[in-house]
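Heads up: the sequence lines are chains A and B, in that order.
FYI, numbering that gives the first Met the number 0 numbers position 155 of the first sequence as 154, with every residue one higher than the one before it.
FYI, numbering that gives the first Met the number 0 numbers position 294 of the second sequence as 293, with every residue one higher than the one before it.
What follows is a single structure, written as structure tokens, with notes after it.
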Amino acid sequence: MQKLGKPEGEKKGHTIKSGIKSMGKNYQLYLLLLPGLLWFLAFAYRPMAGLRIAFYDYNIFRGFDGSTFVGMKNFVDFLTGRDFLRVFKNTLMISFWQIVVCFPVPILLAICVTEMKNKAISKLTQTATLLPHFISVVVVCGMVVNFLSPSTGIINLILTKLGFEPVYFMVQPQYFRGIYTGMTLWQNAGFNALVFIAAIMGIDPQLYEAATVDGAGRFQKIRHITIPAIMPTVVTMFVLNVGKMVKVGYEAILLLYQPSTYATADVIATYSYRLGFENGNYGLATAVGMFEAVIALVLVTLSNWISRKLTDTALW
Amino acid sequence: MKRKKEQGRVIGTGERIFNGGMAVLGILISIVALYPIFYVLIASFSRPLYVENGSVMFTVKGFTLESYRQAAAKPGIWLAYANTIFYTVAGVAVNMAFTTTMAYALSKKKLVFRKFFTLLTIFTMWFNAGIIPTYLNFRDFGLLDTRTAIILGFAVNTYNLIIMKSFFEQVPYELEEAAFIDGADHFTIFFKIYLPLSKPALATVGLFYAVNRWNGYFWPMQLLNDETKVPLQVHLKKMIVDRVANAADAALVTPDSLSSPTTIIYAMIIIAIIPMLVVFPFVQKYFKTGLTVGGVKG
Numbered sequence: 000m001q002k003l004g005k006p007e008g009e010k011k012g013h014t015i016k017s018g019i020k021s022m023g024k025n026y027q028l029y030l031l032l033l034p035g036l037l038w039f040l041a042f043a044y045r046p047m048a049g050l051r052i053a054f055y056d057y058n059i060f061r062g063f064d065g066s067t068f069v070g071m072k073n074f075v076d077f078l079t080g081r082d083f084l085r086v087f088k089n090t091l092m093i094s095f096w097q098i099v100v101c102f103p104v105p106i107l108l109a110i111c112v113t114e115m116k117n118k119a120i121s122k123l124t125q126t127a128t129l130l131p132h133f134i135s136v137v138v139v140c141g142m143v144v145n146f147l148s149p150s151t152g153i154i155n156l157i158l159t160k161l162g163f164e165p166v167y168f169m170v171q172p173q174y175f176r177g178i179y180t181g182m183t184l185w186q187n188a189g190f191n192a193l194v195f196i197a198a199i200m201g202i203d204p205q206l207y208e209a210a211t212v213d214g215a216g217r218f219q220k221i222r223h224i225t226i227p228a229i230m231p232t233v234v235t236m237f238v239l240n241v242g243k244m245v246k247v248g249y250e251a252i253l254l255l256y257q258p259s260t261y262a263t264a265d266v267i268a269t270y271s272y273r274l275g276f277e278n279g280n281y282g283l284a285t286a287v288g289m290f291e292a293v294i295a296l297v298l299v300t301l302s303n304w305i306s307r308k309l310t311d312t313a314l315w
Numbered sequence: 000m001k002r003k004k005e006q007g008r009v010i011g012t013g014e015r016i017f018n019g020g021m022a023v024l025g026i027l028i029s030i031v032a033l034y035p036i037f038y039v040l041i042a043s044f045s046r047p048l049y050v051e052n053g054s055v056m057f058t059v060k061g062f063t064l065e066s067y068r069q070a071a072a073k074p075g076i077w078l079a080y081a082n083t084i085f086y087t088v089a090g091v092a093v094n095m096a097f098t099t100t101m102a103y104a105l106s107k108k109k110l111v112f113r114k115f116f117t118l119l120t121i122f123t124m125w126f127n128a129g130i131i132p133t134y135l136n137f138r139d140f141g142l143l144d145t146r147t148a149i150i151l152g153f154a155v156n157t158y159n160l161i162i163m164k165s166f167f168e169q170v171p172y173e174l175e176e177a178a179f180i181d182g183a184d185h186f187t188i189f190f191k192i193y194l195p196l197s198k199p200a201l202a203t204v205g206l207f208y209a210v211n212r213w214n215g216y217f218w219p220m221q222l223l224n225d226e227t228k229v230p231l232q233v234h235l236k237k238m239i240v241d242r243v244a245n246a247a248d249a250a251l252v253t254p255d256s257l258s259s260p261t262t263i264i265y266a267m268i269i270i271a272i273i274p275m276l277v278v279f280p281f282v283q284k285y286f287k288t289g290l291t292v293g294g295v296k297g
């Protein structure tokens with residue numbers, strides 16, 4: 000054992016020396032790395048240093064010197080404030096519907112698309128469901144808002160024709176989660192199905208042939224071949240989605256919500272946004288954002304660990 | 000042999016029903032997915048009276064281009080359009096310059112601390128400072144209300160960087176080795192070997208960036224105040240999300256009206272998404288490549 004250890008130590012010294020030598024020889028490699036690296040430091044890591052605003056009663060015009068250090072006060076204020084429960088619950092509820100509806104649908108869609116024997120229809124389905132993903136969030140929200148308009152929106156025109164009273168969907172909190180879930184489903188189902196389609200395409204066709212010989216029907220093949228084969232992908236994606244639970248699409252929510260729907264629509268990110276940019280309370284707003292980011296990091300790390308335990312596939 | 004052939008030909012009734020059912024399902028899903036866009040399209044070409052009494056559902060009624068004429072005459076829309084084209088072209092150029100160089104360096108085993116640098120980039124996918132520190136960072140650099148902020152501030156997307164790096168890692172090492180023996184340096188190898196060999200990868204990542212640039216809304220909205228600098232999405236937000244046609248507008252629509260706030264909004268939506276619809280087939284072609292290479296692995 001000791002004899003083995005020694006040469007290894009020598010080898011290490013050798014690598015360091017040759018490492019420095021290689022750095023000199025490959026200096027151009029570092030020149031190529033430099034612009035990107037500087038970008039990351041300036042635009043991704045420098046803001047992280049700005050997170051200390053969360054511990055100040057921060058005055059945007061006076062900077063750190065003119066602001067008072069308040070320790071954990073901002074976090075305590077948020078966690079004990081009257082809005083905490085609302086925004087925390089809304090964040091989780093919106094994520095809950097994302098996981099219950101927007102997660103399984105792409106899997107079903109992928110199975111359907113790959114089961115279609117008519118290639119033209121299969122291609123059409125894939126293209127049609129992928130298309131909405133390329134439309135901007137502003138346009139999608141614009142469509143939602145105008146379709147749901149009580150006087151001229153198509154949804155209410157249909158409701159009126161069927162003999163119902165028109166509903167002002169956008170101002171009533173009970174509809175918000177449904178609208179948001181439906182909208183994201185329409186926009187992302189085809190895109191999210193891609194990874195599952197790729198997984199199904201990767202299944203060995205001989206498995207299906209063998210099952211045919213054994214007299215298995217299509218449903219049996221889906222149940223006993225397709226689903227078990229894509230299970231690792233499903234588990235990985237599921238865990239990943241749970242990991243992203245506190246990160247909801249604030250961009251779309253900011254476009255769709257209004258004070259009358261805050262009861263169900265206001266999430267941690269939008270709350271932080273308003274505290275900062277509308278109330279000018281940058282310290283508290285940063286603390287709220289940091290609370291979200293830290294929980295997200297913990298959830299992602301945890302879910303990655305679970306994914307590795309369950310399926311041997313992990314993100315890192 | 001014979002048996003196999005027979006099995007290929009014989010399709011049971013159950014199988015036939017299943018295939019028929021899947022075809023119908025596929026068509027239904029496609030209709031549901033495409034209908035919202037289709038509706039906006041037909042409504043934008045129809046007379047407001049028919050749109051607003053609900054008789055436009057599947058076809059254009061009372062064809063008119065007036066909504067497009069009105070939409071095109073709105074102040075600011077073409078300037079915003081031009082801004083978006085500028086941000087997309089200049090932005091993607093900057094994106095590609097930063098992304099390819101960094102991806103090349105990170106794909107090389109010779110790079111000392113390669114793991115550390117890679118982790119440094121990937122970490123930003125799981126943790127970021129958030130909206131307010133990011134905004135204040137732009138402010139510290141004096142970049143508020145500048146085009147530079149939009150173009151330089153979003154020069155690298157970590158996900159695209161990883162895709163590019165994975166592509167570069169697949170370039171056979173022998174090519175590079177041979178070039179080294181011939182006395183080539185990294186710059187030569189990067190420009191003369193890697194870039195020409197990675198055209199599909201460049202197209203994929205370039206299109207990803209272009210779509211993001213074209214559709215980008217939040218940060219341009221947050222960082223730009225000057226009306227003459229805002230891109231199309233920010234401009235559209237005011238026109239189509241904030242200004243929902245209301246009951247008062249509807250009351251103004253007469254049988255003779257050729258356009259109304261609603262139909263103008265629909266025309267604007269079509270004007271805004273046409274470029275995406277045009278590039279979409281190309282994007283779709285490259286999408287799967289990008290996804291399988293960059294993959295779930297990240």
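All C-beta atoms in this analysis are idealised placements derived from N, C-alpha and C, irrespective of residue type, glycine included.
In the segment 12-33 of chain B, which residues sit with their C-beta less than 7 angstroms from some C-beta in chain A, listed in chain order?
G13, E14, F17, N18, M21, A22, L24, G25, I26, I28, S29, A32, L33
If we ignore side chains and look at the alpha-carbon of each, how far apart do A192/A and L108/A end up?
Mapped onto the first sequence, residue 192/A falls at position 193. Mapped onto the first sequence, residue 108/A falls at position 109. For A192/A and L108/A, the distance between alpha carbons rounds to 6 angstroms.
Would you report the Cα separation of S43/B and I154/A, rounded to the nearest angstrom?
Here residue 43/B refers to the residue found at position 44 when the second sequence is read from its first residue. Here residue 154/A refers to the residue found at position 155 when the first sequence is read from its first residue. Spanning the two alpha carbons is a distance of roughly 17 angstroms.
Spatial neighbours of K3/B within its chain, please: CB distance less than 7 angstroms, with the 5 preceding and 5 following residues excluded, ordered by chain position.
For the purposes of this step, residue 3/B is taken as the residue at position 4 of the second sequence. Confidence at K3/B is low in this model, with a pLDDT of 45, below 50, so its placement is unreliable and the value that follows should be read with caution. None.
If you pair each beta-carbon of the segment 77-84 of chain A with each one of the segment 159-169 of chain A, do three or more pairs fall below 8 angstroms?
no
For the segment 168-191 of chain B, which residues have a CB atom closer than 7 angstroms to at least one CB atom of chain A, in sequence order?
D184, H185, F186, F189
Listed from N- to C-terminal order along the chain, which residues in the segment 131-164 of chain B have their beta-carbon within a distance smaller than 9 angstroms of any beta-carbon of chain A?
Those residues of the segment 131-164 of chain B placed with their C-beta closer than 9 angstroms to a C-beta in chain A are I131, P132, T133, Y134, L135, N136, F137, R138, D139, F140, L151, G152, F153, A154, V155, T157, L160, ordered along the chain.
If we count the other Cβ atoms within 10 Å of its Cβ and call it buried at 16 or more, is S259/A buried or exposed?
Indexing the first sequence from 1 puts residue 259/A at position 260. So S259/A ends up on the exposed side.
For D76/A, does the three-state DSSP call read helix, strand or coil?
Within the first sequence, the letter at position 77 stands for residue 76/A. If DSSP states are grouped into helix, strand and coil, D76/A belongs with the helices.
What whole-angstrom Cβ distance do V39/B and I269/B have, given they're in contact under 8 angstroms?
The count along the second sequence starts at 1 and reaches residue 39/B at position 40. The count along the second sequence starts at 1 and reaches residue 269/B at position 270. Confirmed, Cβ separation roughly 6 angstroms.
Determine the DSSP secondary structure at D56/A, reduced to helix, strand or coil.
Here the question's residue 56/A lines up with position 57 in the first sequence. Three-state DSSP puts D56/A in a strand.
Per DSSP, what are the beta-bridge partners of F68/A in this structure?
Start at 1 with the first residue of the first sequence, and residue 68/A comes out as number 69. Answer is Y55/A.
Please state whether DSSP places P132/B in a helix, a strand or coil.
The count along the second sequence starts at 1 and reaches residue 132/B at position 133. Three-state result, P132/B: helix.
Closer than 8 angstroms by C-beta to P219/B: which residues in its own chain qualify, once you throw out the five before and the five after it? Chain order, please.
Here the question's residue 219/B lines up with position 220 in the second sequence. The residues are Y86, I149, V229, P230, Q232, V233.
For Y86/B and chain A, any beta-carbon pair shorter than 9 angstroms?
Within the second sequence, numbered from 1, the residue matching residue 86/B stands at position 87. No, because no Cβ of chain A sits closer than 9 angstroms to the Cβ of Y86/B.
Starting from the beta carbon of A128/B, find every residue of chain A whose beta carbon is closer than 9 angstroms, and list them in chain order.
As a working mapping, residue 128/B is identified with position 129 in the second sequence. For the C-beta of A128/B, the chain A residues within less than 9 angstroms are, from N- to C-terminus, A43, Y44, R45, P46, M47, A48, G49, L50, T285, G288, M289, A292.
Where P172/A and V111/B are concerned, what is the direct C-alpha to C-alpha distance, given to the nearest angstrom?
On the first sequence, position 173 is the one that residue 172/A refers to. On the second sequence, position 112 is the one that residue 111/B refers to. For P172/A and V111/B, the distance between alpha carbons rounds to 55 angstroms.
How about F68/A and F54/A: do their beta carbons lie closer than 9 angstroms?
As a working mapping, residue 68/A is identified with position 69 in the first sequence. As a working mapping, residue 54/A is identified with position 55 in the first sequence. Yes, Cβ-Cβ distance for F68/A and F54/A is below 9 angstroms.
Which residues mark the beginning and the end of the alpha helix (DSSP H) in which F63/A is found?
As a position in the first sequence, residue 63/A is number 64, starting the count at 1. Segment: none, F63/A is in no alpha helix (DSSP H) and carries neither H nor E.
So W185/A contacts chain B; which residues on that side make the cut at Cβ distance below 9 angstroms?
To locate residue 185/A, count along the first sequence from 1; it is residue 186. Per Cβ cutoff of 9 angstroms: V31, A32, P35.
Which term fits V93/B, buried or exposed, when burial requires 16 or more other beta carbons within 10 angstroms of its beta carbon?
As a working note, residue 93/B is residue 94 in the second sequence. For V93/B, the number of other beta carbons within 10 angstroms of its own is at least 16, and it is reported as buried.
For a quick check, are the C-beta atoms of G152/B and S271/A less than 9 angstroms apart?
Indexing the second sequence from 1 puts residue 152/B at position 153. Indexing the first sequence from 1 puts residue 271/A at position 272. In this structure, S271/A does not lie closer than 9 angstroms to G152/B by Cβ.
Measure from the C-beta of Y281/A to each C-beta in chain B and report whether the shortest distance is under 9 angstroms.
Taking the first residue of the first sequence as position 1, residue 281/A is located at position 282. At least one C-beta of chain B is nearer than 9 angstroms to the C-beta of Y281/A.
Quick one: is H185/B buried, meaning 16 or more other Cβ sit within 10 Å of its Cβ, or exposed?
Translated into the one-based positions of the second sequence, residue 185/B becomes position 186. The residue in question, H185/B, is buried, as its Cβ has 16 or more Cβ neighbours within 10 Å.
Out of N117/A, Q257/A, T269/A, which has the shortest C-alpha to C-alpha gap to F217/B?
Stepping through the second sequence from its first residue, residue 217/B is reached at position 218. Comparing Cα-Cα distances from F217/B to each of N117/A, Q257/A, T269/A, the minimum goes to T269/A.
Using CA coordinates, which residue listed in L130/A, A286/A, S135/A, S17/A is at the minimum distance from K236/B?
Indexing the second sequence from 1 puts residue 236/B at position 237. For the residues L130/A, A286/A, S135/A, S17/A, the minimum Cα distance to K236/B belongs to S135/A.
Would you give the residue range spanned by the alpha helix (DSSP H) that N155/A belongs to?
As a working note, residue 155/A is residue 156 in the first sequence. Segment 153-160, the alpha helix (DSSP H) holding N155/A.
Say whether chain B places a C-beta atom closer than 9 angstroms to the C-beta of M230/A.
Here residue 230/A refers to the residue found at position 231 when the first sequence is read from its first residue. By this cut-off, M230/A is not an interface position.
Given a threshold of 16 other Cβ atoms within 10 Å of its Cβ, counted over all protein chains shown, does Q97/A qualify as buried or as exposed?
On the first sequence, residue 97/A is found 98 positions in, with the first residue counted as 1. That one is buried.
Within a Cβ cutoff of 8 angstroms, which residues of the same chain sit near N136/B, ignoring the five residues on either side of it in sequence?
What you label residue 136/B is simply residue 137 of the second sequence in a count that begins at 1. Taken in chain order, the residues that qualify are A128.
Would you call the CB atoms of I178/A and M169/A closer than 9 angstroms?
Residue mapping note: residue 178/A aligns to position 179 of the first sequence, counting from 1. Residue mapping note: residue 169/A aligns to position 170 of the first sequence, counting from 1. Taking 9 angstroms as the Cβ cut-off, I178/A and M169/A qualify as a contacting pair.
Would DSSP call G75/B helix, strand or coil?
As a position in the second sequence, residue 75/B is number 76, starting the count at 1. If DSSP states are grouped into helix, strand and coil, G75/B belongs with coil.
Is any beta-carbon of chain A found at less than 9 angstroms from that of A202/B?
Indexing the second sequence from 1 puts residue 202/B at position 203. Not an interface residue.
Between the segment 255-279 of chain A and chain B, which residues of the former have a C-beta closer than 9 angstroms to a C-beta of the latter?
L255, A268, S271, Y272, L274, G275, F276
From V266/A to Y67/B, what distance separates their C-alpha atoms?
Working through the first sequence from its first residue, we reach residue 266/A at position 267. Working through the second sequence from its first residue, we reach residue 67/B at position 68. One C-alpha to the other measures close to 37 angstroms.
Using a Cβ-Cβ cut-off of less than 7 angstroms, list which residues of the segment 109-140 of chain A approach chain B; keep chain order.
The segment 109-140 of chain A vs chain B, Cβ under 7 angstroms: C111, E114, M115, K116, N117, I120, S121, L123, T124, T126, A127, T128, L129, L130, P131, F133, I134, S135, V136, V137, V138, C140.
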